Each structure stands twice: as C-alpha cells, then as structure tokens.
Amino acid sequence: MLDPRYVLEGLLITLQIWGGALAVSLVLAIPVAMLRRSGNPVAQAIGAFWAWIARGIPPIAWLIIIYFGLSLGIISEVPVLAAIVGLGIINSAYIGDSIRAGLDSVPHGQWEGAASVGLSRWDTLIRVVLPQAVPVMLASIAAYSITLLKNTAIASIIGANELVFYAYNAVQVGADPVLSFLTIGAVYLLVTVPIGILARHLGTRSTVKVAH
1 MLDPRYVLEG LLITLQIWGG ALAVSLVLAI PVAMLRRSGN PVAQAIGAFW
51 AWIARGIPPI AWLIIIYFGL SLGIISEVPV LAAIVGLGII NSAYIGDSIR
101 AGLDSVPHGQ WEGAASVGLS RWDTLIRVVL PQAVPVMLAS IAAYSITLLK
151 NTAIASIIGA NELVFYAYNA VQVGADPVLS FLTIGAVYLL VTVPIGILAR
201 HLGTRSTVKV AH
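As structure tokens, then:
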C-alpha cells in the first residue's frame, strides 16, 4: 500500500513539473508560431526546424540529454529542472501549432479592415485578432496540457521524485505493484478529468465563435 504522504509529495512534484513545463512551452511556442507564420522563408525554416527537432527526438532522450547537461553544473533539483526544460521543449512544438492555428482561424479580412480604419498591426493583433483567436488556442492548449501532465511520468527515468517514481520505489520494497500503479492511475485521472472538461468546454465555445 502506498503511503498517502508519498502520494501527496509525488503529486506536488508532478504538478510542479507540469506547471513549469507548460510555462516553458508557452514562452518558446510564441516565437516558434510567429516564425512559422512569417513571410520570410528563412524565419519559416527556423521555426519548422525547431518543431522538427522538438518532435523528432524521443522524450526520454530529451530528458536524459538535458539531465546530464545540467548535472555538469552546480544546480539543485537537477532531475525536476531537467524534466521541466525537456518537456517544455517538446510541448512547445505542439503549442506553437495551436497558436498558429488560432491566429490563422481569424479571416485575413479582419487585418485589412483594421488597417483601413488606421490601426497598426500591433493594435490589430491585440484588439481585433487575439480576442477571436485565443478561444481557439486555449481549447487545443488545454488538450495538449493533458498529454503533458501524463508525460511527466517519464521524469522518473532521471530520478525526479514524482508519482511514478514513488510507486516504483514502493513496489521495490514490497508493495503490491498492481494496487500501487492503479492508485497512481486514479490520481492522474482525478487531475486530468477537470482539465479534459475544460478543454471540451473551450472547444465548444471556440466552435460557436468561429461559426458566428
């Protein structure tokens, strides 16, 4: 039987990795999306190359590479930090596509109409385009965030003491493996179900907005 204290501690670390990786991916995804929407072929190529690298290297390989890279310096909590950076890099490619799709969902005529009344491109983006694009972005970002949360489980491979790490250690000292991992699975479900409901709600709202 898993000790509830360890389950709680593992859950907190899991959420820390998830939140940190989501923040990193959002920071990286914005320039990636802008590069891929650019009219400059070089900028497009840079954005496409980043997405190709982020998706093409297996997640476990990313975490191991970053973990050993950070371990060369004097950094505390290296496994957790490596998981945040690695998962953030991977997810940035997918969230970048979400941002690009959200911006592309707004008809080009909105840009032209805003320009005709004297708005700059920046003002058009902030005041006209983003209010229409954000609901579309949020729906897919919320869906990707569920995958990101489940992917935090691979952080155990580099020693990050998240949920799967504690379950595996408990099994090593005699806990029932089926019950231990069923417990961890139930905890993941309790966290991901509300996010899934939010994603479906946002998806419904964005569909209605696009239809109008």
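According to the UniProt record's numbering, the residues represented by the sequence shown are 1 to 212, in order. We put the beta carbon where it would ideally sit given N, CA and C, even for glycine. Keep in mind that this is a model prediction, so the values were computed, not measured.
Span of the alpha helix (DSSP H), counted from its first residue to its last, around residue i
{"i": "Ile14", "result": "Here residue 14 is Thr; the residue named in the question, Ile, does not match the sequence. Start and end: 4-37."}
{"i": "Pro41", "result": "41-56"}
{"i": "Ala167", "result": "163-172"}
Chain B contact for residue i (CB, 8 Å cutoff)
{"i": "Leu119", "result": "Chain labels in this structure do not include chain B; a single protein chain is all it has."}
Same chain only: Cβ atoms within 7 Å of residue i, ignoring 5 sequence neighbours per side
{"i": "Val80", "result": "Ile13, Gln16, Ile17, Ala160"}
{"i": "Ala211", "result": "With a pLDDT of only 46 at Ala211, under 50, the local geometry of the prediction cannot be trusted, and no value is derived from it."}
{"i": "Ile141", "result": "Ile95, Ser98"}
{"i": "Gly196", "result": "Ile146"}
Close beta carbons around residue i, own chain, < 6 Å, minus the five adjacent residues each side
{"i": "Ala170", "result": "Leu2, Ser180"}
{"i": "Gly102", "result": "Ala133, Val136, Met137"}
{"i": "Tyr188", "result": "none"}
{"i": "Ile46", "result": "Leu35"}
{"i": "Thr37", "result": "According to the sequence displayed, residue 37 carries Arg and not Thr. Around Arg37: Arg100."}
Residues of its chain near residue i, where Cβ-Cβ distance is below 8 Å and the 5 sequence neighbours each way are ignored
{"i": "Leu148", "result": "Trp18, Ala21, Leu22, Ser25, Leu87, Asn91"}
{"i": "Ile64", "result": "Ile157, Ile158"}
{"i": "Tyr144", "result": "Asn91, Tyr94, Ile95, Ser98"}
Between the stretch 159-167 and the stretch 112-130, are three or more C-beta pairs nearer than 8 Å?
no
What are the uninterrupted segments assigned as alpha helix (DSSP H) that are 4 or more residues long and contained completely in the stretch 97-151, given in chain order?
Complete alpha helix (DSSP H) runs here, min 4: 108-116, 121-124, 130-151.
Counting pairs of beta carbons, one from the stretch 182-201 and one from the stretch 84-96, are three or more of them closer than 8 Å?
no
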